[in-house]
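Q: What follows is a single structure, and I will ask about it in a moment.
4 protein chains.
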Amino acid sequence: MKITGLKVMVCSPGRNFVTVKIETDKGVFGLGDATLNGREKAVAAYLESHLTSCLIGRDPFDTEDIWNYLYKGAYWRRGPVTMTAIGAVDIALWDIKSKALEVPLYQLLGGKSRNRLMAYTHAQGQDLAETVEDVVAVKEQGFRAIRVQSGIPGLKKVYGVSDKESYEPAVKSSRPVEENWSTAKYLEFIPKLFSAVRKEVGADIHLLHDAHHRLSPIEAARLGKELESYHLYWLEDATAAELQDRFRIIRQHTTTPLAVGEVFNSVYDCHQLMIEHLIDYIRMTVAHGGGITPMMKIANLASFHNIKTGCHGPSDLSPINMAACLHFGMAINNYGIQEYMGYPQETADVFSTSYKFADGYFTLDESPGLGVNYDEKKAKTFPYEKAYLPINRLEDGTLWDW
Amino acid sequence: MKITGLKVMVCSPGRNFVTVKIETDKGVFGLGDATLNGREKAVAAYLESHLTSCLIGRDPFDTEDIWNYLYKGAYWRRGPVTMTAIGAVDIALWDIKSKALEVPLYQLLGGKSRNRLMAYTHAQGQDLAETVEDVVAVKEQGFRAIRVQSGIPGLKKVYGVSDKESYEPAVKSSRPVEENWSTAKYLEFIPKLFSAVRKEVGADIHLLHDAHHRLSPIEAARLGKELESYHLYWLEDATAAELQDRFRIIRQHTTTPLAVGEVFNSVYDCHQLMIEHLIDYIRMTVAHGGGITPMMKIANLASFHNIKTGCHGPSDLSPINMAACLHFGMAINNYGIQEYMGYPQETADVFSTSYKFADGYFTLDESPGLGVNYDEKKAKTFPYEKAYLPINRLEDGTLWDW
Amino acid sequence: MKITGLKVMVCSPGRNFVTVKIETDKGVFGLGDATLNGREKAVAAYLESHLTSCLIGRDPFDTEDIWNYLYKGAYWRRGPVTMTAIGAVDIALWDIKSKALEVPLYQLLGGKSRNRLMAYTHAQGQDLAETVEDVVAVKEQGFRAIRVQSGIPGLKKVYGVSDKESYEPAVKSSRPVEENWSTAKYLEFIPKLFSAVRKEVGADIHLLHDAHHRLSPIEAARLGKELESYHLYWLEDATAAELQDRFRIIRQHTTTPLAVGEVFNSVYDCHQLMIEHLIDYIRMTVAHGGGITPMMKIANLASFHNIKTGCHGPSDLSPINMAACLHFGMAINNYGIQEYMGYPQETADVFSTSYKFADGYFTLDESPGLGVNYDEKKAKTFPYEKAYLPINRLEDGTLWDW
Amino acid sequence: MKITGLKVMVCSPGRNFVTVKIETDKGVFGLGDATLNGREKAVAAYLESHLTSCLIGRDPFDTEDIWNYLYKGAYWRRGPVTMTAIGAVDIALWDIKSKALEVPLYQLLGGKSRNRLMAYTHAQGQDLAETVEDVVAVKEQGFRAIRVQSGIPGLKKVYGVSDKESYEPAVKSSRPVEENWSTAKYLEFIPKLFSAVRKEVGADIHLLHDAHHRLSPIEAARLGKELESYHLYWLEDATAAELQDRFRIIRQHTTTPLAVGEVFNSVYDCHQLMIEHLIDYIRMTVAHGGGITPMMKIANLASFHNIKTGCHGPSDLSPINMAACLHFGMAINNYGIQEYMGYPQETADVFSTSYKFADGYFTLDESPGLGVNYDEKKAKTFPYEKAYLPINRLEDGTLWDW
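Residue numbers (numbering that gives the first Met the number 0), protein chains in the order written: chain A, 0 to 401; chain B, 0 to 401; chain C, 0 to 401; chain D, 0 to 401.
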């Protein structure tokens, strides 16, 4: 089989997505997700201008060789743009191979390791009361695991809390919205929030929380410690992890499980975190992590250190990436949980999927490949609109981690 | 002062360059280099589609805040595409500030720390004899430091050796050229090469060598050890450095000085290498390292650990980056050496520079800012042509580091 | 531009200050602060007898080279006298450069990274009740952050608590006052103090505390742990830090943030504290840390490790150092907080400043350079009077850390 | 007994010395050496302006308490100026106590641990031949251990080599002499030098060499390795030791014994070097190390790690310090060697000593105290003349370690 073409399609059915379609001389094609929220065009250009012509004529079954060709052959390695472009190609190649062999993708990755895949979703509110209420509401929808974020007293606009019905941090505009932040106010509030939430919902539900890289290691350690009695499933992105040893301090002080990785793009971003047992969940998502090929290796390394997966999965990655995560999660032994926020109807109209979600769990059927279809015609009716994730400033104006 | 516009210009006067021009309401403008060899369009798209509108209206003097705005504000951090885009903006902003204050850029970075800046260039040959001859020829041109690469007996085409008069690894075509490799043949040959070269040129010339990421740590350790008596200035890219602790093995076995970093984009790519004293030269170049702002921080960290700079500087980065490296190098105490291969005449016609090169050394004059002009009209006569760096395979076909 | 002279001026408008004035052939001059409380004359002699003649004729813009000339050229490196002398020269040179270029100093250090700079001041009392009262009073003055020190039951005279209206530990006399100390009494009392203070002032104010080097690591660990629920902004000088690894024990036991550094003079005094993430705030002040040149490097290193600045700034450093700290703090991303105790009126009469303080925050205007003037004539009316910081003994007479 | 006065006397009999005389109500007085080459006046001011009045009335026998009073009571700790001032006081107090008890000082430090104390001196020459000749000459004078330094081919003026008969790096002038340096040229030459020297003088003489802080760790490692077969007694100041872990790299590569410490002023400057067994000789000298009191503790720590002493002892410290080093060396078990360059006649006229030097060894007699007299009258005929140690620049003008 030979690759005959690669198409990069950008659409905005509710939000922006970059989709890759790899075509072959046998008629089988594969889909990949190349969405990098707020930097879509850079990935699209990387694919169109630099990768497409390299792939024509290659045998799409050679996933390992092609991945190395793109990763090592780029010379300039790593980083979100590069790895998302490679990831989209790799996902599409695995889609092709499993379609060609007429099996669901997970069969090529080791078969079925479980029946269903637990997901967590988001609950949020402008204040404590509203947030507790939303947690209850989300629990009643059947979710077994809920990420809880709330407005912070004294702060106008905070990550994870939306005015709109569906949460979407990226805003369509010519520049990022500026939010504000006070770690002191946040740290004061969060333990109270979880005290109230846990009291309301009882022990029989997983609660998660995302600190979104904003804390220093010692602040994260304090938070982890003060949340211990509420038994979180995980505390996410407790500190920015560019230096992985920042997590040593946190780990030393608290038994709250730690999750990190939505901004990672390669095993090298988390290798130390793993071999020193500094985390409990690795949150790289398939598209941003460079595809199925490297994610299998990363999950393998994680398994040696009792680390489970917890793939990043907000609505800013398309259902193609969601499907890739689910097949990946189905096959490995150390699956943990999958983030899931649902999709707006326009998105669902463009991307139709065979995976099913019900009662807090995903299931996969026997559809070959990823089991996702992309309606190119409909997609064209939703042209790209520039959007940005917010930026974040401290109260004195200091540029801070968002 | 306010930024009024950002232009991204791609041209190919001999080879491809991406140039950023930031304009202000006071008429002062700044230039930055955004060239990422073989991935030019991705950086251009990153800048045009995602950064331009964020910068309009900003005070160009706020380099630290803008850098953090672009770095932290991207959310998806690090990597060559992102950091080269940010680097180009940062260089242009420093160009603006030093032009506005009517001083050469180095004055804003600490003033003059030396009179002149030593450079090294490349010598090469298809075999040992031709290489020795070229080293002698290059030495006679006045160079004090020469990187020596050679064809390897039994290998058809090897990194660092060119058929053409001027060495240029990137080839204008629709896909990468494939070269081949045998570490065994290479390791057998290189000590003989340096024995012959050192014998021919004597002790009074700096010899450098680039292993181009192709060795395992223990192979690199063997090579470093076998080269000790030829007293290399440095052994470059001894192993691929994605895991920085790979260098511990090399360091343990040899006193040959080690240089690395042309593929690094942030301090986090070399932090461990530095604090463990594992390297002697950090080779990040200003444009790829995210600009003047982070490079000053990186050089400072390096200085605590006896590490000097040795900026990557082949012809695939434009004279704008070269000027940025020279001003940076002029100001810091721990300047080491600058790579320099000259530029084709077409390039020199588009980019006119105030820095001078003679007798193995660069000098800077009192021109304000970077001291580089870009002839936009002439540049347009050299339209972009797709080009790729080669890829590399072992003799059995295994995809290998190039 | 050439340096034509260096004047060292010692005056005592309320307290002793050593001021350096560097003059140039262009009429521009720069001011530096060389005050080392209780050791003023040693620094003055270092400058007058050993540095002045070295600087005449040098280009004042060459800050990096001159700094290295003074630091490496001294041969006998580091320590408070040497580094304060060098620091004063470096501050004056940066004052010259920014005045000559007609920009506020922060513009040469990266521009504005925030709008305003939070400060903390001191509250104190002879006992718990008086201290709580003073905290409330200070809070009502608009301070957002308050360092709380108190008399300890059973101890006659303790650091940080003054009989006089304005706190000033240095006493004008022929030898140091002797205070007394009991770590046991202190450790018993402090948690009660903070319990009472936090109860009184609520969560919305930053509380700081200074243990002033008097505890062993394990005592500091106990204190940090017992203060955790009062959420200190920082615990300062938890133990004497001559061996930096003393902080490992403290760090292991408590999430109370740690600040240290007012007695440090070089990056080598805190390098291990930083790279092991053992502290959260580095408290070196610009004058004692060797000036702007090294402090920028130190702040950069700190930034990689989530460490913020918190410059030492009691009234025993002149408004020149305060201005240097503020410009430095304005430019860097990882500014934390600035210590500020105000100045007696006589001091304000001699040193007029363009920085403003209101409502707990400093602001800077567009005045070029540091924005500080020194009235030489008025200064001469306040001649130097010998003064000493106290010494400290345990109840059995053992000489202890003050 | 009470201290009644402290006199600080600066004289220049051949070179500058700062001498402290502490007087008591019993008529016994003590002498201390406060010389800090090129920074004499700063130490003198530290003593006169800040320490004198604190000591009046104290019991001079309380050496431990007074040392802590001066060290901890200064608040601003460490560094050459502070520690040399304290060191001079401490030496004078021990001189008083041993004179009052009518015993040689070593009796108070543990008595006699050996009969005689081996010294090393300097040999030097403008080139290899001259240096070999001088080594032979020095050997014939009876020295058992010789530090060998030589002019380097291609460098005009190098540390350790003098035009004058007696070697003296400090030059009387208004600013430092500038020397130049090339590590490459130095490293090329030194192994050849030692090959020639060892061949000439045979195995039965100790050869030492001083790299004077100019090498990076890896360069020092190379040098140590290439000198191994010449069996050096030690390689001194292999790299600047502000970060002590720089010595790990050197230690890893070579068995050449390592000595360091002439610029250290406290145990904290070498604690890591000791507890990690990174050095073999600690070269702190008594006056600069803060006196007899701390040096006994430092020698004790050294003894746990098989480290011997090798006190810095060029002619820029007075015979008072030399006597202090010898009494100290006589008493401890882990004495190694003493540097000794002799003194010009003028110096010997001012300072008369009871220690004897003959045949490569020092001996001490039964004179009480240090056994040194200072002729105040004669000293006054040699007034202070400003002098500086040189500074050092690389060939491109970079300020380098001298």
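Just so it is clear, CB atoms sit at the ideal spot from N, CA and C, and this is done for glycine as well.
Along chain C, in chain order, which residues have C-beta atoms closer than 9 Å to that of D/Thr380?
A: None at all; the shortest Cβ gap to chain C is about 21 Å.
Q: I need the DSSP call for B/Lys191, collapsed to helix, strand or coil.
A: Three-state result, B/Lys191: helix.
Q: Which of the three DSSP states is assigned to B/Tyr280 in this structure?
A: Strand, per DSSP.
Q: Nearest-angstrom Cα distance between A/Leu50 and A/Leu69?
A: Taking the straight line joining both Cα atoms gives about 8 Å.
Q: Alpha carbon to alpha carbon, what distance is there between A/Pro313 and B/Gly368?
A: Taking the straight line joining both Cα atoms gives about 45 Å.
Q: Which value, in whole angstroms, describes the spacing of the CA atoms of A/Lys155 and A/Pro175?
A: Those two C-alpha atoms are separated by around 16 Å.
Q: For C/Ile2, decide whether its Cβ has a neighbour in chain B, counting only Cβ atoms nearer than 9 Å.
A: No, C/Ile2 lies away from the interface with chain B (no Cβ there is under 9 Å from its Cβ).
Q: Tell me C/Trp180's beta-bridge partners as DSSP assigns them.
A: Paired residue(s): C/Leu393.
Q: Do you know how far the Cα of B/Pro152 is from the Cα of B/Arg38?
A: Between B/Arg38 and B/Pro152, the C-alpha separation is close to 32 Å.
Q: Please classify B/Glu394: is it buried, with 16 or more other beta-carbons within 10 angstroms of its beta-carbon, or exposed?
A: Looking at its Cβ environment, which holds fewer than 16 other Cβ atoms inside 10 Å, B/Glu394 is exposed.
Q: With a threshold of 16 other CB atoms inside 10 Å of the CB of B/His212, please say whether the residue is buried or exposed.
A: Buried is the call here.
Q: Entirely within the region 6-72 of chain A and at least 4 residues each: give me those alpha helix (DSSP H) ranges in chain order.
A: 39-44, 51-54, 62-72, all fully within the region 6-72 of chain A.
Q: Would you mind giving the Cβ-Cβ distance between A/Ser52 and B/Ser173, rounded to the nearest angstrom? I have them listed as a contact below 8 Å.
A: So it is a contact: roughly 4 Å between Cβ atoms.
Q: Quick one: measure Cβ to Cβ for B/Leu222 and B/Leu186, integer angstroms, because I've assumed they're closer than 8 Å.
A: With a Cβ gap of about 6 Å, B/Leu222 and B/Leu186 count as contacting.
Q: Under the rule that 16 or more other beta-carbon atoms within 10 Å means buried, what is A/Ser228, buried or exposed?
A: A/Ser228 comes out exposed.
Q: What is the rounded straight-line gap between the Cα of C/Gly290 and the Cα of C/Ile85?
A: Roughly 7 Å between the two C-alpha positions.
Q: Starting from D/Tyr105, trace the alpha helix (DSSP H) both ways and give me its first and last residue.
A: D/Tyr105 -> alpha helix (DSSP H) spans 104-107.
Q: Which same chain residues end up closer than 7 Å to C/Leu214 when comparing Cβ atoms and leaving out the 5 residues on each side of it in sequence?
A: Here the set comprises Thr182, Leu222, Ala237, Thr238.
Q: Spatial neighbours of B/Pro343 within its chain, please: C-beta separation below 8 Å, excluding the five flanking residues on both sides.
A: Pro12, Gly13, Arg14, Ser165, Ser314.
Q: Find out if the Cβ-Cβ distance for the pair D/Leu277, C/His270 is shorter than 9 Å.
A: Not a contact, by the Cβ cut-off of 9 Å.
Q: Note down, in chain order, every chain C residue with its Cβ under 8 Å from the Cβ of D/Arg247.
A: Residues of chain C passing the Cβ test: none, with the nearest at roughly 14 Å.
Q: Going by DSSP, what residue range makes up the alpha helix (DSSP H) through B/Val134?
A: Segment 127-139, the alpha helix (DSSP H) holding B/Val134.
Q: Check whether the Cβ of C/Asn264 lies closer than 9 Å to any Cβ atom in chain D.
A: Yes, C/Asn264 lies at the interface with chain D (some Cβ there is under 9 Å from its Cβ).
Q: Output yes or no for whether 9 Å exceeds the beta carbon distance between A/Thr380 and A/Cys324.
A: Contact flag unset, no.
Q: From C/Asp203 to C/Glu338, what distance separates their C-alpha atoms?
A: C-alpha separation (whole angstroms): 19 Å.
Q: Look at A/Leu104 and A/Ile331 and say whether their C-beta atoms are less than 9 Å apart.
A: Result no, Cβ atoms of A/Leu104 and A/Ile331 do not sit closer than 9 Å.
Q: Give a yes or no on whether the C-beta atoms belonging to B/Ala73 and A/Pro79 are separated by under 9 Å.
A: Yes.
Q: Beta carbon of A/Asn391, beta carbon of B/Lys71: below 9 Å?
A: In this structure, B/Lys71 lies closer than 9 Å to A/Asn391 by Cβ.
Q: Measure the alpha-carbon distance for A/Leu377 versus A/Met8 and round it to whole angstroms.
A: Rather than Leu, the amino acid found at residue 377 of chain A in this sequence is Lys. A/Lys377 and A/Met8: Cα-Cα distance of roughly 12 Å.
Q: Give the residues from the region 294-311 of chain B that approach chain D closer than 9 Å (Cβ to any Cβ), ordered along the chain.
A: Going along the region 294-311 of chain B in chain order, one finds Phe303, His304, Asn305, Ile306, Lys307 with a Cβ nearer than 9 Å to chain D.
Q: Apply the 10 Å Cβ neighbour rule to D/Pro168 and answer buried if 16 or more other Cβ atoms are within range, or exposed otherwise.
A: Looking at its Cβ environment, which holds 16 or more other Cβ atoms inside 10 Å, D/Pro168 is buried.
Q: What residue from B/Thr254, B/Ala118, B/Met295 has the CA that sits closest to B/Ile90's CA?
A: Cα-wise, what sits closest to B/Ile90 is B/Met295.
Q: Over the uninterrupted alpha helix (DSSP H) stretch that includes D/Leu92, give me the two end residues.
A: D/Leu92 -> alpha helix (DSSP H) spans 79-99.
Q: Can B/Val262 and A/Trp75 be called in contact, C-beta distance under 9 Å?
A: The answer is yes: Cβ separation under 9 Å.
Q: For a contact defined as C-beta to C-beta under 8 Å, what are the partners of C/Met117 on chain A?
A: Those are Asp395, listed as they occur along chain A.
Q: Using the beta-carbon of each residue, which ones in chain C are nearer than 7 Å to B/Phe188?
A: Correct list: empty, because the minimum Cβ distance to chain C is about 40 Å.
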